[in-house]
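Number of protein chains: 2
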Amino acid sequence: MMKINDLSRRNFLNLVGVAGGSTAIYQTSLAMGVMSETGKPAKLDLKQVKGEKKSVLVLGAGISGLSVAYELERVGYQVTVLEASKRIGGRNLTLRHGDEIDELGQKQICEFDDDPKMYFNAGPARIPGHHRRVLQYCKMLKVPLQIKTNFSRPAYTHEADHFGGEPIRVSRYIADARGFLSELLHKAVDKNIFDESLSPEEIEKLRDFVKNYGDLKADGTYQGTIRGGIKSGGMVIPSASHEPIELRALLDSNFWRSGLVSSENPDWGDPLMEISGGMDGIVKAFVEAIRSEIVTNAQVQSIRNTTEGVAVEYHHGGKRKQLKADWCFNSIPSHFMPSIPNNFADDYIAGLSAMSRGNFFKLGFQMKSRFWEDEGIYGGITRTSQRINQIWYPSADIHSEKGVVLGAYAFHGQSGFFEKMTPAERLNFAADCGEVVHPGYRDQIEAGVSVPWGRMNHMMGCGVIWSDEVRAKYWDRLRLPEGRHYMMGDQISYHSSWQEGALASAEFAMQDMDQRVRAADAATTEAK
Amino acid sequence: MMKINDLSRRNFLNLVGVAGGSTAIYQTSLAMGVMSETGKPAKLDLKQVKGEKKSVLVLGAGISGLSVAYELERVGYQVTVLEASKRIGGRNLTLRHGDEIDELGQKQICEFDDDPKMYFNAGPARIPGHHRRVLQYCKMLKVPLQIKTNFSRPAYTHEADHFGGEPIRVSRYIADARGFLSELLHKAVDKNIFDESLSPEEIEKLRDFVKNYGDLKADGTYQGTIRGGIKSGGMVIPSASHEPIELRALLDSNFWRSGLVSSENPDWGDPLMEISGGMDGIVKAFVEAIRSEIVTNAQVQSIRNTTEGVAVEYHHGGKRKQLKADWCFNSIPSHFMPSIPNNFADDYIAGLSAMSRGNFFKLGFQMKSRFWEDEGIYGGITRTSQRINQIWYPSADIHSEKGVVLGAYAFHGQSGFFEKMTPAERLNFAADCGEVVHPGYRDQIEAGVSVPWGRMNHMMGCGVIWSDEVRAKYWDRLRLPEGRHYMMGDQISYHSSWQEGALASAEFAMQDMDQRVRAADAATTEAK
Chain A
3 MMKINDLSRR
13 NFLNLVGVAG
23 GSTAIYQTSL
33 AMGVMSETGK
43 PAKLDLKQVK
53 GEKKSVLVLG
63 AGISGLSVAY
73 ELERVGYQVT
83 VLEASKRIGG
93 RNLTLRHGDE
103 IDELGQKQIC
113 EFDDDPKMYF
123 NAGPARIPGH
133 HRRVLQYCKM
143 LKVPLQIKTN
153 FSRPAYTHEA
163 DHFGGEPIRV
173 SRYIADARGF
183 LSELLHKAVD
193 KNIFDESLSP
203 EEIEKLRDFV
213 KNYGDLKADG
223 TYQGTIRGGI
233 KSGGMVIPSA
243 SHEPIELRAL
253 LDSNFWRSGL
263 VSSENPDWGD
273 PLMEISGGMD
283 GIVKAFVEAI
293 RSEIVTNAQV
303 QSIRNTTEGV
313 AVEYHHGGKR
323 KQLKADWCFN
333 SIPSHFMPSI
343 PNNFADDYIA
353 GLSAMSRGNF
363 FKLGFQMKSR
373 FWEDEGIYGG
383 ITRTSQRINQ
393 IWYPSADIHS
403 EKGVVLGAYA
413 FHGQSGFFEK
423 MTPAERLNFA
433 ADCGEVVHPG
443 YRDQIEAGVS
453 VPWGRMNHMM
463 GCGVIWSDEV
473 RAKYWDRLRL
483 PEGRHYMMGD
493 QISYHSSWQE
503 GALASAEFAM
513 QDMDQRVRAA
523 DAATTEAK
Chain B
3 MMKINDLSRR
13 NFLNLVGVAG
23 GSTAIYQTSL
33 AMGVMSETGK
43 PAKLDLKQVK
53 GEKKSVLVLG
63 AGISGLSVAY
73 ELERVGYQVT
83 VLEASKRIGG
93 RNLTLRHGDE
103 IDELGQKQIC
113 EFDDDPKMYF
123 NAGPARIPGH
133 HRRVLQYCKM
143 LKVPLQIKTN
153 FSRPAYTHEA
163 DHFGGEPIRV
173 SRYIADARGF
183 LSELLHKAVD
193 KNIFDESLSP
203 EEIEKLRDFV
213 KNYGDLKADG
223 TYQGTIRGGI
233 KSGGMVIPSA
243 SHEPIELRAL
253 LDSNFWRSGL
263 VSSENPDWGD
273 PLMEISGGMD
283 GIVKAFVEAI
293 RSEIVTNAQV
303 QSIRNTTEGV
313 AVEYHHGGKR
323 KQLKADWCFN
333 SIPSHFMPSI
343 PNNFADDYIA
353 GLSAMSRGNF
363 FKLGFQMKSR
373 FWEDEGIYGG
383 ITRTSQRINQ
393 IWYPSADIHS
403 EKGVVLGAYA
413 FHGQSGFFEK
423 MTPAERLNFA
433 ADCGEVVHPG
443 YRDQIEAGVS
453 VPWGRMNHMM
463 GCGVIWSDEV
473 RAKYWDRLRL
483 PEGRHYMMGD
493 QISYHSSWQE
503 GALASAEFAM
513 QDMDQRVRAA
523 DAATTEAK
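Chains as they are written, first to last, in the numbering used here: chain A, 3 to 530; chain B, 3 to 530.
Dropping the structure here:
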């Protein structure tokens, strides 16, 4: 609601600067930038390069690297981006007809129809409304967005060992869980156990509250509710609701451990968005906007801070080449860094080595019909106790002929199971799991692709999982520069595995550099 | 999950028919049609007219009337639709540049920009996934659908007398309500009040359940959660959550009475859909598909059952005209019926008179910028204790220049407040209310329209509110035909005010007629 006025922010920062010097400005502006939950996102306010051209080397053409190239060339830096892979975008990967999946040792070609609607987001796939930077870039670069169904009441929760192995509509589980919790609370209220803290009128309100919350009967019992889904009728005959699932069965099941609350997380909370036509729309828009050179197939061989800047050696076109620059922004996955020759301090490299890398495994199926829509499901997620974990249904192109479904999404420790398989084995396994939830599923499959991020060339992993110990020991060391070299990317954030973390990290690094440039310029001016 | 096989349904119905006659077929097929929560919607299976042409009169060109014309002309009936208004669509009304709002005595012209993106759904605006008939027609008629944000965690709940009059993010209210309910329950578990019904292991699971549900600390207390929204940080500095709202303040507020649980209703549960470009897309598609004549400005003057069928008099082009038909399907609002001369039984007219009609009031503003997106809101509903009740933000055309916001939505008893005002007064009042939630709101307004359904010509009301008494006394009388005359529309359903109710009612009436036709044909054949 509050709109932070750009002008007054600037004035405020000047006042802070007078009182506390540039470090104070730096800390405050960062804090303001990231604290803008309600207002427009703060605009990057980088000082224009004047006089002698300053150069920047960006390592990695993922989202963070592309944003650095875009921002710094606009204020006069000469930017070069080196990308190890043949592809621009990093873990932002949308697969379509003919695309090659660059997995170590086992190549796949995506055999989806040659149709722009048939795509699979193997990396990021969702944008929440609080990811202000991603959204701001989409707006500036005119990347089209659409609402994406994530939480879906008509989708299923399936647990092989519960509810007779039958998939249950999510709405039904939620309604019964709320109903029974409310009934228990109503019972507790009747026993007056809260008298110590609540007044009689408040107790009465609490009784009404839980009746509303759980859709209880007048006597405070839960006997099922239409909120769980209409079992029958509702239009020309009276509606009937499902029999409640027993509280005992709910407690014994596992959906409440994560699925029931997952959409409460701001990153997965309604409404979510996606880029129309595929998440790589933002990559394409950056590439179109960027004038700087982006060199693909350029594998970094060494990084060294020098007295004047940073020197980077890389392989390209069969030759070893060198580039020097005033600044270096590096999004190379941390676990590759210790093996790239450098002259960084030992504790800096120790920090990079200490970061633990997560893995994800995603698998997509092109389905010959949108059978889920016949079940009343218009996008969103079914969860299953099987190793595929989730099935995602597309929510765009409703009622069109075909659709691409996410057929497996394994996290971290679970990904190894799929990594060991051949691509064909993965598809086969996921087809079997899908069949349990949707009889006839296998027959719907026309083509499939699998992306085990732990085995993808130039990646060999996904976001970083920062343990509390590693965070305490190394975070401050790694978020701050080593000489004129900045580590960045989602790995250097509190929001790893998200594009917003990557952009925030890049922004942080650019602001830090900018403050150093301003301080140096001020010192030069004073010296004159 | 289960797919009801069309063939086996047919076989089953034949078996039922052998055992119980056509009434049994009729009851069973209806039940199966409306019970298809999971399968494809049952297809209408109407007998093709052979030999002599049979005629049908449809009164009212709303959704139910259009569907009857569409279905019956396909199986050989000669259909004529009479519509009192100059406009086709009934309460399905999308307003755009230049449209006239046909209110009794005070005309408005919609002054939105001449831009297809600038429209306002003044009638139905949402389609849930369980409205199988609406969705099936959209699919058949190739009406494009998109996901519509309805429930929105970043939107606000505003109560003038609570929380210091400040709008609170919905996510925050929800998280705190769940947190405190869970804390109370955790406390109750500790007091062992459930021992009688739950085993010690189950008690332990319940403790974990509520800890997950409310995001409680290890000791079972609720101390706020990031689920309520990120107050600050989260990307390059650690995230902080909001201070919890006191349980006392939550109980004292009113959001829990309806807003907190509204999206649990299957009609408002995620995901919802809307027709791309405006809800009247389905009206246009019907009109394009229908070959029968639709006579607008045709006001019915009398309806009479005759020995051969039904005779209807109507005014058109300054003349009184008459049409006769074998069957009549009538969606004229029930409250107009007693004043239209007829020869219906007294109790039939008594039933129509007894139905109580609801009202809605909707108001739309064209806004010069999409300021809500700057607040992280990408569609959905803000609720306020002010008389406007709700503000709806559009979720299509994200990041485009302008947008149309629903600026007021008053129900039934509350609509009279707005009905008494001039259109200008309504806009002014709603602007003031919006200003309380979004400072600067008034300055964003470029144009506005208001639709008080209780004062709209040829409508004078919205859906029917069936009391239990009226339902018990008259439902069976009114859902069944009076001679060859069927009342229909959403008013003759358990789902009034929804297009699905209108379509289900029309389907029900057509199936009833079809069974009578089949029975008569069978009798004729036997007699030969």
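Each residue gets a CB set at the ideal place from its N, CA and C atoms; glycine is no exception.
Report buried or exposed for Arg322(A), applying the criterion of at least 16 other Cβ atoms within 10 angstroms of its Cβ. exposed
Straight-line Cα distance separating Ala506(B) from Ser57(B): 22 angstroms
Pick from Gly166(B), Thr223(B), Arg473(B), Tyr496(B) that is closest to Ala352(B), judged by C-alpha positions: Arg473(B)
Taking all protein chains shown into account, decide if Gln493(A) is buried (16 or more other Cβ within 10 angstroms of its Cβ) or exposed. buried
Quick check: Gly450(A) and Phe367(A), are their CB atoms within less than 8 angstroms of each other? yes
Note down, in chain order, every chain B residue with its Cβ under 7 angstroms from the Cβ of Glu204(A). Arg250, Leu253
Bridge partners - Ser452(B), DSSP secondary structure assignment: Leu365(B)
Looking at C-alpha atoms only, which residue of Met120(A), Asp115(A), Gly167(A) is the closest neighbour of Cys435(A)? Gly167(A)
Give a yes or no on whether the minimum CB-CB distance between Ala127(A) and chain B is below 8 angstroms. no
How would you label Val36(B), buried or exposed, when you count the other beta carbons within 10 angstroms and need 16 or more for buried? Confidence at Val36(B) is low in this model, with a pLDDT of 40, below 50, so its placement is unreliable and no value can be given for it.
Does the beta-carbon of Glu290(A) have 16 or more other beta-carbons within 10 angstroms, so that it is buried, or is it exposed? exposed
DSSP state of Gln501(A), grouped into three classes? helix
So if I threshold CB-CB distances at 9 angstroms, which residues from the segment 149-178 of chain A count as touching chain B? Ile149, Lys150, Thr151, Asn152, Phe153, Ser154, Arg155, Pro156, Tyr158, Glu168, Pro169, Arg171, Ser173, Ile176, Ala177
Does Ser545(A) come out as helix, strand or coil in the three-state DSSP assignment? This structure leaves residue 545(A) out entirely; chain A is present only between 3 and 530.
Could you tell me which chain A residues have their CB closer than 8 angstroms to the CB of Phe196(B), listed as they occur along the chain? Leu186, Lys189
When the distance is taken between beta carbons, is Glu266(A) closer than 8 angstroms to Arg229(B)? yes
From Lys213(B) to Met458(B), what distance separates their C-alpha atoms? 52 angstroms
With three or more C-beta pairs closer than 8 angstroms as the rule, is the segment 502-520 of chain B touching the segment 67-86 of chain B? yes
Same chain, Cβ closer than 7 angstroms to Val51(A), five either side skipped, listed in chain order: Val77, Gly78, Tyr79
What did DSSP end up calling Thr309(B) once you bin it into helix, strand or coil? coil
Nearest chain A C-beta to Asp272(B) closer than 8 angstroms, yes or no? yes
Is the CB of Cys435(B) under 8 angstroms away from at least one CB in chain A? no
Hey, how far is the Cα of Thr526(A) from the Cα of Asn299(A)? 40 angstroms
At least one CB of chain A closer than 8 angstroms to the CB of Tyr380(B): is that the case? yes
Minimum C-alpha distance to His497(B) - residue among His318(B), Asp178(B), Glu161(B), Pro126(B): Pro126(B)
Report the option in Leu147(A), Tyr488(A), Glu204(A), Arg155(A) whose CA atom is closest to the CA atom of Ile379(A). Arg155(A)
Count the other C-beta atoms from every protein chain shown that fall within 10 angstroms of the C-beta of Val111(B), then say buried if there are 16 or more, exposed otherwise. Rather than Val, the amino acid found at residue 111(B) in this sequence is Ile. Ile111(B) is exposed by the Cβ-count criterion.
Using the Cβ count rule (16 or more neighbours within 10 Å means buried), how would you classify Asn345(B)? exposed
Report the rounded CA-to-CA distance for Phe338(A) versus Trp329(A), giving the unit in angstroms. 20 angstroms
In the DSSP assignment, find the beta strand (DSSP E) that holds Ser232(A) and state where it starts and stops. Going by the sequence as given, residue 232(A) is Ile instead of Ser. Run containing Ile232(A): 232-234, per the beta strand (DSSP E) assignment.
Mind checking if Leu46(A) is an interface residue toward chain B, Cβ cutoff 8 angstroms exclusive? no
Would you decide whether Asp217(B) is buried or exposed? Buried here means 16 or more other CB atoms lie within 10 Å of its CB. buried
Give the interface partners of Asn214(A) over in chain B, defined as CB-CB distance under 7 angstroms, in chain order. Trp258, Arg259, Val263
Trp477(A), DSSP secondary structure in three states: helix
With distances taken from CA atoms, which of Glu185(B), Asp192(B), Asn194(B) is nearest Gln225(B)? Glu185(B)
Drop a sphere of 10 angstroms on the beta-carbon of Glu85(A), count the other beta-carbons inside from all chains shown, and report buried for 16 or more, exposed for fewer. buried
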